[in-house]
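Mind the numbering: the sequence shown is residues 1316 to 1808 in the numbering used here, read in order. Note that beta-carbon positions come from the ideal geometry of N, C-alpha and C, so glycine has one too. Heads up, the thing below is written out as structure tokens.
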Amino acid sequence: MSKGLPKRSEDYSLWYNELVKRADLAENSAVRGCMVIKPYGYSIWEKMQAELDRMFKETGHTNAYFPLFIPKSFLSKEASHVEGFAKECAVVTHYRLKNAEDGSGVIVDPEAKLEEELIVRPTSETVIWSTYKNWIQSYRDLPLLVNQWANVVRWEMRTRLFLRTAEFLWQEGHTAHATKEEAQAETAQMLNIYAQFAEEFMAMPVVKGRKTENERFAGADDTLCIEAMMQDGKALQAGTSHFLGQNFAKAFDVKFATKEGGLEYVWGTSWGVSTRLMGALIMAHSDDNGLVLPPKLAPIQVVIVPIYKGDDQLNAISEKAKEIMVALRKAGISVKYDDRDTHKPGWKFAEYELKGVPLRIGIGPRDLENGTIELARRDNLTKETFDLSSQAIEEKIGNLLTEIQDSIYKKAFDFREEKITEVNSWDEFQTTLENKGGFLSAHWDGSSETEDKIKELTKATIRCIPLDQKEESGTCVFSGKPSKGRVLFAKAY
């Protein structure tokens, strides 16, 4: 199954694209720039959704749904916001088609021009804040903690499955608060939830940080982010949480009556992650044999493959396999029994290796005689024979899945640590970026000019100012001007 999968060391980009397709995660669609997420890929996204949704609800958030279409006038109410998204907007101008009189096909009816053009949602701040004006009157209506699961459209010319497509799936949280402090606490809380999800479920270590003014979300006063390191030494922004100040409240006149009887603008936040996390999951862990999925997000955690000749052997193995399945499912472990007679065991082994199933159980006639099974781990490709009488099967498998989850995280963490390099001169910066890649921890003078120049010369951007940044006086690697601390530079997706 994985025969011919390109090697990461030879062509990382091709390896990624081929893996996404061959592992049945997604494919390009007939619509330029858009993707089809296939059932196996979507089932991973569903597991991500389920965990994030649980975490949101545990922190008091509820889900709602807002329109896909946004009146053009809404976007122009917040100046920096419209500037940030203008080049990526898809615009609806007409509402009807008709048959061409010459019989050549369907054409847009020129009589059906919209009075006001509609923007296909690139993000929902404007339409949501226009709604909040009706929902918020008093301090009793606050805080308002709302999340939306939706699709958004940002017109991309150069696309890549999961990482950059014209349409993608995401969640966007939008909250309103009575005080600045509450809104800032919410911004920090949601960043921590994203970091916890990335590390505990995706097994992907992240750096929590703050974006520079250049990289800040359009319309926000402050943007916090989590940054991950991919195996090719490039960074990937895995989630953002924005403190919006009162910008959108002022743009849409969202005020509330305070306890003291005054009238004030509310404070806002927005935060989101998208199907880009699928790309991060693939690139952080997978290898030249295929996907490597952390058990907590694997649609199938365990697959049982029978090795047999003839129906009698298959029936005996199936009986044992069903016993194991019942025990595992009772313990909350997802398991599949693949007894298809259309493919040989070796082909199935290769297929599940390609698809990243964390644990494979092989059962043959000799295993039945000996009361054993073969356990094969996907993360490190090791095998062991397990005596079924030595320990409850659900306990053994449960422990192994935990071990695999931890092992995948540790491998990614060690790789990330090795890819953080302190650099102290411009020569060192350029050499390290070219030869080693990864995160470059370097002094920066705090100016947009220096940031822009470094990006122009090297394609490296400031990924974040780490939240745990040490106050450390130094000199900027590029300009030689004074610096208050190190920031993380990297080339990025």
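Roughly how many whole angstroms lie between the Cα atoms of residue i and residue j?
i	j	result
Lys1805	Arg1337	Contrary to the premise, residue 1805 reads as Ala rather than Lys in this sequence. Whole-angstrom Cα-Cα distance: 30 Å.
Tyr1509	Ser1601	21 Å
Glu1342	Gly1594	13 Å
Ser1317	Ile1443	Below a pLDDT of 50, predicted positions are generally treated as unreliable, and Ser1317, at 47, falls in that range; the measurement from the model is reported next regardless. Spanning the two alpha carbons is a distance of roughly 46 Å.
Gln1616	Met1517	14 Å
Gln1546	Arg1323	9 Å
Thr1736	Leu1755	5 Å
Gly1679	Ile1712	19 Å
Lys1448	Ala1564	8 Å
Arg1801	Gly1319	43 Å
Phe1384	Glu1482	14 Å
Glu1333	Ala1379	36 Å
Lys1725	Gly1577	53 Å
Trp1741	Asp1767	15 Å
Glu1575	Ala1491	19 Å
Thr1502	His1489	10 Å
Cys1779	Cys1540	7 Å
Thr1746	Gln1561	43 Å
Glu1361	Leu1367	10 Å
Leu1506	Ile1359	22 Å
Gly1686	Gly1671	27 Å
Trp1450	Gln1463	16 Å
His1557	Ala1500	11 Å
Gly1789	Leu1803	15 Å
Ser1419	Leu1669	47 Å
Val1581	Ala1533	19 Å
Glu1764	Ala1691	54 Å
Gly1375	Val1461	9 Å
Thr1590	Tyr1331	15 Å
Glu1431	Gly1587	29 Å
Apart from the five residues just before and just after residue i, which ones in its own chain have a Cβ nearer than 6 Å to its Cβ?
i	result
Val1407	Leu1433
Ala1405	Val1435, Val1468, Trp1470
Leu1663	Here the sequence assigns Lys to residue 1663, which means Leu is not the residue at that position. Excluding sequence neighbours, Lys1663 sits near Val1620, Asp1653.
Phe1728	Pro1520
Ala1642	Ile1708, Glu1709
Gln1628	Pro1680
Pro1797	none
Val1650	Val1617, Met1640, Leu1643
If residue i and residue j are in contact, beta carbons under 8 Å, what's the gap, nearest whole angstrom?
i	j	result
Leu1782	Arg1525	7 Å
Ala1498	Thr1573	Actually they do not touch by this definition, with Cβ atoms about 15 Å apart.
Glu1487	Pro1437	That pair is no contact at about 11 Å.
Met1544	Gly1753	6 Å
Ala1550	Ala1807	4 Å
With DSSP run on the structure shown, which of helix, strand or coil describes residue i?
i	result
Arg1681	helix
Ser1317	Here Ser1317 scores only 47 on pLDDT, less than 50, and its place in the model is too uncertain to base an answer on.
Ala1338	coil
Leu1696	coil
Ala1498	helix
Glu1426	helix
Ile1639	helix
Glu1416	coil
Arg1675	strand
Lys1322	coil
Glu1393	coil
Val1607	coil
Trp1470	coil
Only counting the same chain, and skipping five residues up and downstream in sequence, which positions put a Cβ closer than 8 Å to that of residue i?
i	result
Pro1354	Asp1339
Ile1648	Gln1616, Val1617, Glu1709, Ile1712, Gly1713, Leu1716
Val1421	Leu1412, Lys1413, Asn1414, Ala1415
Glu1515	Lys1611
Ser1633	Pro1621, Tyr1652, Asp1654
Here's a check: name, in chain order, each residue in its chain whose Cβ is nearer than 7 Å to the Cβ of residue i, leaving out the five neighbours to either side.
i	result
Thr1474	Gly1348, Thr1480, Ala1481
Lys1773	Here the sequence assigns Thr to residue 1773, which means Lys is not the residue at that position. Excluding positions up to five away in sequence, the list reads Gln1745, Leu1748.
Lys1392	Thr1441, Ala1566, Phe1567
Glu1786	Lys1799, Gly1800
Entirely enclosed beta strand (DSSP E) segments - the segment 1516 to 1543, minimum 3 residues
1522 to 1525
For the segment 1555 to 1599, which segments carrying the beta strand (DSSP E) assignment without a break, of at least 3 residues, lie completely within its bounds, in sequence order?
DSSP runs (the beta strand (DSSP E)) wholly in the segment 1555 to 1599: 1570 to 1572, 1578 to 1580, 1582 to 1589.
Only counting runs of 3 or more residues, tell me where the beta strand (DSSP E) segments fall wholly within the segment 1708 to 1744, in order along the chain.
1735 to 1737
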